[in-house]
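Below you'll find the structure, written out as structure tokens, and then a few comments.
Numbering (the UniProt record's numbering), first residue to last: 1 to 204.
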């Protein structure tokens, strides 16, 4: 499938910023946002900025703000609804399994989960909710939230931006999909490794 990010941004114009920021916010803080492509979106947006279709700093600062705000919504959701979320039935947009998997991740990594989860799909969405359920102090949560949001949005978006600058303009679309595919695979690796470890028979 040929994905022409330049054509997409040209079509949406300034609404491209709102679309990108909205997706980052939803994936960071809404239960239904776990399936959204945050990592690949940031890389693609960075590519678009390297071709002067988006302003890189407006893009990144907006993504950072929306990522932090999204995590705040997730934290408040967890602190308000708490354990009731574990009693919620599975639906198309909610899987209790994801919540339980994130809880295990949180128990293993503690407060650092808020930073590390930024780079783990699905866990990224549910980590602030678990922090809220676990009654992590808001000041502590916010500190890790700011660090994680900064490293993720600035790091991943600038990766796409610098890669775009390294390629001739006529080669950008040719290499965009393979690079995005690589980003998706790398971002999924922690989840895949975790699942393998969970299903591995324990030694007696």
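Glycine is no exception: its CB is placed at the ideal position from the N, C-alpha and C atoms.
Values in this document were obtained by computation on a predicted structure and should not be read as measured data.
- For residue 62 against residue 29, the beta-carbon gap comes to about 15 Å, at or over 8 Å, which does not count as contact.
- For residue 128, the enclosing alpha helix (DSSP H) stretches over residues 123-133.
- The shortest CA-to-CA distance from residue 159 to any of 131, 45, 53 is the one to 45.
- Between residue 39 and residue 128, the gap from beta carbon to beta carbon reaches 8 Å or more.
- Taking the C-beta atoms as reference points, residue 36 is found nearer than 8 Å to residue 26.
- Contact between residue 153 and residue 111 fails: their C-beta atoms lie close to 20 Å from each other, not under 8 Å.
- Within 10 angstroms of the beta-carbon of residue 135 lie fewer than 16 other beta-carbons, which makes it exposed.
- Cβ neighbours of residue 148 within its own chain (closer than 6 Å, five residues either side excluded): 114, 115, 118.
- Between the beta-carbon of residue 157 and that of residue 42 there is about 5 Å, and that keeps the pair under the 8 Å contact cut.
- Taking the C-beta atoms as reference points, residue 161 is found no nearer than 8 Å to residue 122.
- Annotation for residue 118: no alpha helix (DSSP H) segment contains it, and DSSP assigns it neither H nor E.
- With fewer than 16 other Cβ atoms from the protein chains shown falling within 10 Å of its own Cβ, residue 166 counts as exposed.
- Separation of the CB atoms of residue 79 and residue 132 is rounded to 4 Å, and the pair is thereby assigned contact status at 8 Å.
- With a cutoff of 8 Å on beta-carbon distance, residue 10 and residue 53 are scored as near each other.
- Taking the C-beta atoms as reference points, residue 47 is found nearer than 8 Å to residue 163.
- Annotation: residue 55 to residue 16 spans about 11 Å, alpha carbon to alpha carbon.
- Residue environment for residue 101: buried (at least 16 other C-beta atoms within 10 angstroms of its C-beta).
- For residue 142, the enclosing alpha helix (DSSP H) begins and ends at 138-166.
- Contact check for residue 81 against residue 150 fails: the beta carbons are separated by 8 Å or more.
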